[in-house]
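What follows is one structure encoded as structure tokens, with my remarks underneath.
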Amino acid sequence: MSLNWTEIEARGARGEGISEAEALQLVTLTAPEDIEALLRTAEAVRLAHKGKAINTCGISNAKSGRCPEKCNFCSQSAHFSTEAPVYAIKPAEEIAAEAQAAFQAGVREFSIVMAGRAIDKEPELAVLESAFRQIREQTGMQTCASLGLMQRPQLERLKAAGMQSMHHNLETARSFHSQIVSTHSYDDEVQTVKTAKELGMYVCSGGIFGMGESWAQRVELALDLRALDVDSVPVNFLNARPGTPLEGHKDLQPLDCLKIIALLRLVLPTKDIIVCGGREQNLGHEQGRMFEAGANGLMLGNYLTTAGQDIARDHARMEEQGFVIRAPPHQPLPPSVPPAIRAEGTDLAGLRGK
Ligand code: SF4
């Protein structure tokens, strides 16, 4: 049975994702004409739901290292000997200043990321509350945080302080998770996602690809993300860190990365698909095609423990392809935000030289 691209595109434009059987067939494609048809279809579906607007994310690594958890891809785990920085939570003012700088560079969703199993005590919660308030008042950016396994009372409190999005990756497929993470379970990850969804938060959840999982397991993860109705899928490609158990591991080619992005677009046609860590190392010369493959967002600037690429190059790439930066979309902006920031999209030419 060959895939009916016309029909898949029509269904995708209506917001209907492909079936498991179609997804499993899609990931076997290798012939150049099939890959071109796949990318053409994924791009059409992205255009139908996202137009020419790109989500831009930035992060603060607000608390780094000495994490008691054991995730084999992560250089911040205390179980591994790595060169990741180690420090306690930054002051709220420092986090807000990083957010301001990111805003000037075109970032419109800013995430506070903290190493650790969970954030559940003072003074960390109070620092986060203050940082969220400052970021909302000073920039109007979408606020996000990635804080480990979260309980409902803490999330409620942070939401009240202005946290709009919650990021929490499932990391990988359920059937592969125990080979990557040994200190908490896949169900723990799922419960955090469900709690944030129940609170009406915009939930950003995806994984890291290229850790040894099979194509069927990539499909499995995509289907689970659809079942959880996550709002946004961050797509990371393994950039194996020295000192971690995955050191030296590299099994993705640029074409594999494009197929993973297209798979996610066609399984989750209406959702935000955001390309994050490892894109430089894994997509390489094909980075220019990540939007064609169906992505509608990217992380700008540095990642958690590794340097990102020059933001000006990302701006140039988006501008060349006729994109604008999407304004914060998920919650009305407070009246203190200047009108210019309320525009539908930010013209990339306007960011030049900042
Ligand atoms: S991924 Fe998060 S929970 Fe896992 S070791 Fe790294 S910081 Fe800790």
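For any residue, its number in my numbering is found by taking its place in the sequence shown, counting from 1, and adding 1004.
Note that the Cβ used here is the ideal one computed from N, Cα and C, for glycine as well.
At a cut-off of 7 Å, is residue i close to the ligand SF4 when judged by its beta-carbon and the heavy atoms of the ligand?
i            : result
residue 1078 : yes
residue 1120 : yes
residue 1301 : no
residue 1071 : yes
residue 1061 : no
residue 1210 : no
residue 960  : Nothing in the structure corresponds to residue 960, since the chain is present only between 1005 and 1358.
residue 1282 : no
residue 1152 : yes
residue 1081 : yes
Under the assumption that residue i contacts residue j (Cβ atoms under 8 Å), give the Cβ distance between them as a whole number of angstroms.
i            : j            : result
residue 1049 : residue 1259 : Residue 1049 to residue 1259, Cβ: 19 Å. No contact.
residue 1194 : residue 1074 : So it is not a contact: roughly 19 Å between Cβ atoms.
residue 1177 : residue 1256 : Actually they are not in contact, since the Cβ atoms of residue 1177 and residue 1256 sit about 15 Å apart, beyond 8 Å.
residue 1162 : residue 1199 : So it is not a contact: roughly 12 Å between Cβ atoms.
residue 1099 : residue 1064 : 5 Å
residue 1145 : residue 1114 : 5 Å
residue 1275 : residue 1234 : 7 Å
residue 1058 : residue 1327 : 5 Å
residue 1250 : residue 1215 : 6 Å
residue 1207 : residue 1170 : 6 Å
residue 1116 : residue 1165 : 11 Å between Cβ atoms; not a contact.
Leaving aside the five residues before and after residue i along the sequence, list all residues of the same chain whose C-beta is less than 6 Å from its C-beta, in chain order.
i            : result
residue 1060 : 1110, 1111, 1112, 1304 and 1329
residue 1210 : 1173, 1237, 1238 and 1239
residue 1118 : 1066, 1067 and 1151
residue 1288 : 1258
residue 1187 : 1073 and 1074
residue 1122 : 1152 and 1153
residue 1302 : 1279
residue 1196 : 1153, 1154 and 1172
Please list, in chain order, all residues of the same chain as residue i whose beta carbon is under 7 Å from its beta carbon, the five residues on each side excluded.
i            : result
residue 1134 : 1096
residue 1325 : 1295
residue 1336 : Low confidence applies here, because residue 1336 scores a pLDDT of 37, under 50, leaving its location unreliable and the question unanswered by this model.
residue 1009 : 1041 and 1045
residue 1264 : 1213, 1222 and 1239
residue 951  : In the structure as shown, the chain begins at 1005 and stops at 1358. Residue 951 is therefore absent and cannot be evaluated.
residue 1053 : 1273 and 1274
residue 1106 : 1062, 1114 and 1305
residue 1143 : 1103, 1104 and 1107
Please go through the same chain and pick out, in chain order, the residues whose beta-carbon is closer than 8 Å to the beta-carbon of residue i, but skip the five residues on each side of it.
i            : result
residue 1022 : 1012, 1015, 1016, 1030, 1270 and 1271
residue 1248 : 1076, 1077, 1078, 1079, 1081, 1084 and 1086
residue 1069 : 1080, 1082, 1088, 1089, 1090, 1091 and 1119
residue 1071 : 1078, 1080, 1081, 1082, 1119, 1120 and 1121
residue 1290 : 1258, 1259, 1261 and 1262
residue 1245 : 1077, 1078, 1079, 1086, 1088, 1251, 1309 and 1310
residue 1027 : 1223, 1226, 1227, 1267, 1270 and 1271
residue 1189 : 1181 and 1182
residue 1024 : 1223 and 1227
residue 1203 : 1156, 1159, 1160 and 1163
residue 1020 : 1273
residue 1128 : 1067, 1093 and 1118
residue 1137 : 1165 and 1166
I'd like to confirm something about residue i: is its beta-carbon nearer than 7 Å to some heavy atom of the ligand HEM, or not?
i            : result
residue 1148 : For the ligand HEM, the structure offers nothing, since it holds only the ligand SF4.
Going residue by residue through the region 1123–1175, where are the continuous beta strand (DSSP E) segments of at least 3 residues, counting only ones entirely within it?
1146–1150 and 1169–1171
If we require 4 or more residues per run, which alpha helix (DSSP H) segments fall completely within the region 1035–1117? 1036–1054 and 1096–1108
Notebook entry, point to check: What beta strand (DSSP E) runs, 3 residues minimum, are completely inside the region 1262–1324?
Noted result: Correct list: 1276–1279 and 1301–1303.
Practice task
Could you tell me which uninterrupted beta strand (DSSP E) segments, each at least 3 residues in length, are contained entirely in the region 1219–1248, listed from first to last along the chain?
Solution key: Those beta strand (DSSP E) runs which fall completely within the region 1219–1248 and span 3+ residues are 1236–1241.
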